[in-house]
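Protein chains: 2
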Amino acid sequence: MRLRFVPEGAEVRVPSGTPVFDAASWNGIAIDSTCGGHGTCKKCRVRVVSGELPVDTVDPRAFTAEELRDGWRLACRASARDDLVVEVPPLQTRPKAALAGVGRHVILRPSVQKRHLLLPEPSLEDQRPDLQRVLDALDDLEPKASIELLRTLGGTMRAADFDVTAVICDEDLIDLEPGDTTDRRFAIAFDLGTTTVVATLVDLESGQPAAVRSMLNRQQPFGADVITRISTTMLDPQALSTLQERAHETMAELTEEVCAEAGVDPAEIYEITVCGNVTMMQLALGIDPEPLSMAPFIVAAHSFPSARARDFGVQVHPRAPAFIFPSLGAYVGGDIVAGMLATGLTRDRRLRMFIDVGTNSEIAVGSNERVLACAAPAGPAFEAAQIKCGMRAAEGAIEGVRIDDDDIGLEVIGSTDAVGICGSGLVDAVAELVRCELLDHTGRFVPDELAAEIHPGLASRLTRVGKERVFVLHWRGDDPSASVFLSQRDVRELQFAKASIATGWHILLRELGIEAGDISQVLLAGSFGAYLTPLSAVRIGLVPKLALPRIISAGNVAGEGAKIATLSYRERAETQSILREVEYVELSGRADFNDLFVDQLAFPG
Amino acid sequence: MRLRFVPEGAEVRVPSGTPVFDAASWNGIAIDSTCGGHGTCKKCRVRVVSGELPVDTVDPRAFTAEELRDGWRLACRASARDDLVVEVPPLQTRPKAALAGVGRHVILRPSVQKRHLLLPEPSLEDQRPDLQRVLDALDDLEPKASIELLRTLGGTMRAADFDVTAVICDEDLIDLEPGDTTDRRFAIAFDLGTTTVVATLVDLESGQPAAVRSMLNRQQPFGADVITRISTTMLDPQALSTLQERAHETMAELTEEVCAEAGVDPAEIYEITVCGNVTMMQLALGIDPEPLSMAPFIVAAHSFPSARARDFGVQVHPRAPAFIFPSLGAYVGGDIVAGMLATGLTRDRRLRMFIDVGTNSEIAVGSNERVLACAAPAGPAFEAAQIKCGMRAAEGAIEGVRIDDDDIGLEVIGSTDAVGICGSGLVDAVAELVRCELLDHTGRFVPDELAAEIHPGLASRLTRVGKERVFVLHWRGDDPSASVFLSQRDVRELQFAKASIATGWHILLRELGIEAGDISQVLLAGSFGAYLTPLSAVRIGLVPKLALPRIISAGNVAGEGAKIATLSYRERAETQSILREVEYVELSGRADFNDLFVDQLAFPG
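As they're listed, the protein sequences go chains A and B.
Its first residue numbered 31, the first sequence is counted upward by one per residue in our numbering.
Its first residue numbered 31, the second sequence is counted upward by one per residue in our numbering.
What follows is the structure, encoded as structure tokens:
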């Protein structure tokens, strides 16, 4: 279905049932609105110039019969089910916008809204209840209040002489503040990773980050990956609450840090958004993750019930809600949905491939026509956990390897000597060894004699530690076992990991009925993806063989998605469309998986 | 607007916009339904035989185009805006009903519902999330869950081998229980009075009370009436939380008692309903009551935001909601709305008057056409608080007085000697003294000489305590001051109290444009009203002069209303209609109040 907006002229293709307002938003066309799309502010007036758009139940409250006949509709309530040409009136106020995600232009419409109100004082002629007095003054919004708010609302009104600011989050009136505080409103976007947790304090007035901090997830001592952490909870009945506390501590500490850095009072933070994989979310919320860990891999819920910041142990405004990204499956979690939002994967015309590389890797392929997603259990190679000289991407880790003319160039993190190798270094090393033919296409180190023949300058590096053949990347003395090396088994680990991912995207391409060459762009996501050399990724067959400019390190798109969700309730609503529209493909138990997997173990020719 | 139901033939008059389902319910005509009127079960099918009933947005999901043309509609979604004849199909299941309130026949449709579910086990082919699996099985309901429930839901499902019972309250899925527990569901109806708190444990399967207990409100030491309690909170910043705790303790103790008496596990109580005056509600919820106590008398909210039993300190099911009756104004609270519900005041064709007699008295007059309500500040006379020999209606209190042939007959509570006089005794005594002309119509004791002349046998009782004239009701020795007597000032107190009430209903009659003689029935409500002698009430002018059978002691109608709310979500919804339809008349500051009040001070001729 096609939608054309006049006078701008932009044309977009959207799934049937998409609200006209959203279709416009995604294309950077702003339509007036203040109520959050609940049909209450009646400002998002558009006129249908061609095509059919049924009258919604709310429309007659906004328009006269004549206007309805002329095609006027509220854009937030109008679901396009037909090709349409829609006229958008000039804006009453020019909306602010911010750049976020992968080159996305996000119109600022935070879920957190403030309204400065000068309320009429009660009298015997006007005995409206305190709450009603506030709600009546919010004529474009119809939020709900809580018993908790009611405990302070009347006192605040009277102490402030009825000069107050209402704070609304989505459908909830969460506070009434004395005086005019409309210039102060903040949110925190959390990317709750298994390894690293990132908090971005967002100034909702400007749309700009006010502070960003990251730290290791304090659950780390309970296991490097999600499976280990789930196992911990299965072995010890206390572990779930311990892991929950650790996640909360991590988020609470980051909250303190970003507030201190930006000089923001935690009470001015009215909302948090949280993305993470399903295990991280369930652990943080105290929901038993065991069913995630074994077939048939069942999540508690795709969309979590409404939650508050305090459900994550985050001490901001006491009634601040928490927006939690929905998940598509046990291993395609809210972090991936956030990544899809940040990259606009489901709204872009181009066929794109999204890969979040990690112990569990997530893959999505598609365009605005159709998107498929799957999870590929890559194992820990990319985290370098089971690699002999593997280490996290920290000081002393080899993160880049280049082999030129029998010489080895290493990129090492920090101004220090190499002490180990991290995931991106591993991929580089293997890719370079394949290129210079010291590794054959099946992943075996070539015999010593052949090595000596083709690369006499490198042959001494191909040696043994114990019984295993290794390639020394960085000598520490003469002893290979004391040096930083790559073992035959390390290469195998990487082969399994990359084959798992490649099998995933091959299956998705097959399901979509397309070829790898049809892909316009590959987005490498996640903290690991950001450091991966596109050339090496192609060489080992981790990603399709495409022109290098088409392979993009997209960075921490999950965190960007979480940020976008603070900036726009419309973008946030898109996560529900992603949940509805993206088709999850379960790889476990597929008949074609093993065959394809074996094919992918080899390195491309 | 008139609605006729065929084949039953019952005809009812309802306000425009009333759902057809409700109109039927109020008249004891049962229509199938399981979803709580949310338009999800699609069972409440009715056919419009004559009149116009627009198609609702949900109707096309329930009916074919042909059925819609034939007039089929969902009764819960159909708002009557025209005279209608509606055909009600025979019931699929015969609904249970219970007698409650003032002769009301209540069809059992508790908000608390249970569904026994045999869920399909998850598999790689059916990876639906745990929550979705439950929701999908509840095809006639679409409840929401909470994070808290999600913490146990998956574990319960698995431990019970997917044989579970879902517990739904209104729009919330509050629990999943192992096995089939559908025969156990309970609620507690609380009447949270200033003096007495009553808890009725209701078996929602049978509609019958399983246990009833009452006790004094533990806030009593902080003042006998609402104004004193509010003053306490104004003088001491800690008092609000103390009073809140006291209310919670009272309700918690009653909960324990009714559970013990009926052998019910508190976890089987899935809901509470609470009615009380606005001060009691705000104190129990920790909301500052100060604005209630002084002009312009402002309540925090007419309808409180959604609350849980634990907001009242009641330890039943941890997610049990609390239904709180809405209030019409600072002094016409949820107890009165509950009373209106129990008496059917707003749905009855007869013109009726409802009076809840107390320190603050509430009065409502009307029929299904129109109802007006007001609050009359009667002062403490009826509680006998400022009466010289006054006491609460407890052992030793004179509760009835009769004067025959110069002899005095007393009804005393308990098998004991009279030690004081309670409210109903006071009214009786004054009424009898007026009848036998020892009190003149202005409320003065007649001169001693005249008393000796007309009632020689009583004249010795008309004497003095200090300088004040008194009438001794019960001698204790020869000393009048040691006896139980009625003083001139006591009579004045009662005059002020009854004049306040009479002024209230006179103003309502005037606003309605009717005469006292048009009233079909007077309902005396509240614990005091139940003990009042109708004849005495007429004699002192507290109620209009009507034939005595028309004056009914309706008993604790507030508690009955709270009970009805546990039995039927439809009846409960009626409280919102009461809030919308009943017109609150503020007596403070009315120009005609003082004139009328002075007129009403005298006793009727």
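Beta carbons: idealized from backbone N, C-alpha and C, even for Gly.
- Would you mind sorting A/Val294 into buried or exposed? The rule is 16 or more other CB atoms within 10 Å of its CB. Buried is the call here.
- Cβ contact (3+ pairs, closer than 8 Å) linking the stretch 223-231 of chain A and the stretch 327-340 of chain A: Taking 8 Å as the limit for Cβ pairs, the verdict is that the stretch 327-340 of chain A does not touch the stretch 223-231 of chain A.
- beta strand (DSSP E) segment containing B/His471, residue limits: First-last for B/His471: undefined, no H or E at that position.
- Message: Any contact between the stretch 342-350 of chain B and the stretch 176-187 of chain B? By contact I mean 3 or more CB pairs, one from each, below 8 Å.
- Response: As far as the Cβ criterion goes, the stretch 342-350 of chain B touches the stretch 176-187 of chain B, which means the pair count is three or higher.
- With a cut-off of 8 Å on the beta carbons, I'd call B/Ser63 and B/Arg139 a contact; round off their distance for me. Confirmed, about 7 Å.
- Pick from A/Ser236, A/Pro119, A/Ala189 and A/Leu524 that is closest to B/Glu320, judged by C-alpha positions: The shortest C-alpha separation from B/Glu320 is found at A/Ala189.
- Message: By alpha-carbon positions, which one of A/Leu180, A/Cys199, A/Ala219 and A/Arg494 ends up nearest to A/Ala282?
- Response: Here the closest residue by C-alpha is A/Ala219.
- Query: Which stretch, first to last residue, makes up the alpha helix (DSSP H) that contains A/Phe633?
  - Reply: Per DSSP, A/Phe633 belongs to no alpha helix (DSSP H) and is neither H nor E.
- Message: Since B/Asn398 and B/Thr376 should fall inside the 8 Å C-beta cutoff, what is the C-beta to C-beta distance between them, to a whole number of angstroms?
- Response: Here B/Asn398 really is in contact with B/Thr376; their C-beta atoms are around 6 Å apart, less than 8 Å.
- Message: Measuring CB atoms only, is the stretch 410-418 of chain A touching the stretch 436-444 of chain A, in the sense that at least three cross pairs come out at less than 8 Å?
- Response: The answer is no - the stretch 436-444 of chain A does not touch the stretch 410-418 of chain A, with fewer than three Cβ pairs under 8 Å.
- Task: Below 7 Å CB to CB, which residues in the same chain sit around A/Ile484 once its five sequence neighbours on both sides are set aside?
- Result: Same-chain partners within the cutoff: Glu467.
- Query: Count the other CB atoms within 10 Å of the CB of B/Arg276; is the residue buried (16 or more) or exposed (fewer)?
  - Reply: Answer is buried; the Cβ neighbour count reaches 16.
- Message: Closest to A/Leu129 by C-alpha separation, out of A/Glu604, A/Glu590 and A/Arg610, would be which residue?
- Response: Taking only the C-alpha atoms, the option nearest A/Leu129 is A/Glu590.
- Query: Does DSSP put B/Met245 in a helix, a strand or coil?
  - Reply: Strand.
- Query: With burial defined as no fewer than 16 other Cβ atoms inside 10 Å of the residue's Cβ, what is the status of B/Ser550: buried or exposed?
  - Reply: Exposed, by the Cβ-count rule.
- Is the Cβ of A/Lys174 closer than 8 Å to any Cβ of chain B? A/Lys174 has a beta carbon lying within less than 8 Å of a beta carbon in chain B.
- Extent of the continuous alpha helix (DSSP H) run through A/Cys289: For A/Cys289, the enclosing alpha helix (DSSP H) stretches over residues Ala269 to Ala292.
- Task: State yes or no: is the C-beta of A/Phe384 within less than 8 Å of the C-beta of A/Ala560?
- Result: Cβ atoms of A/Phe384 and A/Ala560: not closer than 8 Å.
- Since A/Ala53 and A/Ile137 are thought to touch, with beta carbons under 8 Å apart, how far apart are those beta carbons, to the nearest angstrom? 13 Å between Cβ atoms; not a contact.
- Message: If we define contact as Cβ-Cβ less than 8 Å, is B/Ala337 a contact residue for chain A?
- Response: Yes, because at least one Cβ of chain A sits closer than 8 Å to the Cβ of B/Ala337.
- 8 Å CB neighbourhood of B/Asp378 in its chain, flanking five on each side removed: These residues qualify, in order along the chain: Ser397 and Asn398.
- Can you tell me which of A/Arg602, A/Pro159 and A/Asp365 puts its alpha carbon nearest to the alpha carbon of B/Tyr361? For B/Tyr361, the nearest C-alpha among the options comes from A/Pro159.
- Any chain A beta carbon closer than 8 Å to B/Asp87: First, the residue type needs correcting, since residue 87 of chain B is Thr and not Asp in the sequence shown. Contact with chain A is found for B/Thr87, since one of that chain's Cβ atoms lies less than 8 Å from the residue's Cβ.
- Check each candidate in A/Gly306, A/Arg214, A/Arg580 and A/Thr224 and name the one with the smallest Cα separation from A/Pro296. Minimum Cα distance to A/Pro296 is reached at A/Arg214.
- Message: Checking 8 Å against the spacing of the C-beta atoms, do B/Gly363 and B/Gly306 come in under that value?
- Response: Their beta carbons are under 8 Å apart, which means B/Gly363 touches B/Gly306 by this criterion.
- Message: Please report whether the beta-carbon of A/Phe334 lies at a distance below 8 Å from any beta-carbon of chain B.
- Response: True, the Cβ-Cβ gap to chain B drops below 8 Å.
- Limits of the alpha helix (DSSP H) - the one that B/Val367 falls within: Residues Gly364 to Thr373.
- Task: State yes or no: is the beta carbon of B/Leu626 nearer than 8 Å to at least one beta carbon in chain A?
- Result: Not an interface residue.
- Query: Quick one: what's B/Met383 bridged to in DSSP?
  - Reply: B/Met383 is bridged to B/Val395 and B/Val552.
- Can you pull the chain B residues whose beta carbon is under 9 Å from the beta carbon of A/Ile618, in chain order? One point to set straight first is that residue 618 of chain A is Ser, not Ile, in the sequence displayed. Close partners of A/Ser618 in chain B (Cβ separation under 9 Å): Leu154.
- DSSP three-state call for A/Arg522: helix, strand or coil? Per DSSP, reduced to three states, the secondary structure at A/Arg522 is helical.
- Taking three-plus beta-carbon pairs below 8 Å as touching, is the stretch 141-156 of chain B in contact with the stretch 72-90 of chain B? Taking 8 Å as the limit for Cβ pairs, the verdict is that the stretch 72-90 of chain B does not touch the stretch 141-156 of chain B.
- Since I believe B/Leu121 is in contact with B/Val164 (beta carbons under 8 Å), could you give me their beta-carbon distance rounded to a whole number of angstroms? The Cβ separation is near 28 Å, so there is no contact.
- Item | Straight-line Cα distance separating A/Pro335 from A/Ile582 | Rounded to the nearest angstrom, the two C-alpha atoms are 35 Å apart.
- Item | Rounded separation between B/Thr212 and A/Leu183 - CA only | Approximately 41 Å between the Cα atoms of the pair.
- Query: Hey, would you say B/Glu301 sits closer than 8 Å to B/Thr605, going by beta carbons?
  - Reply: Between B/Glu301 and B/Thr605, the C-beta gap is not smaller than 8 Å, which leaves the two residues out of contact.
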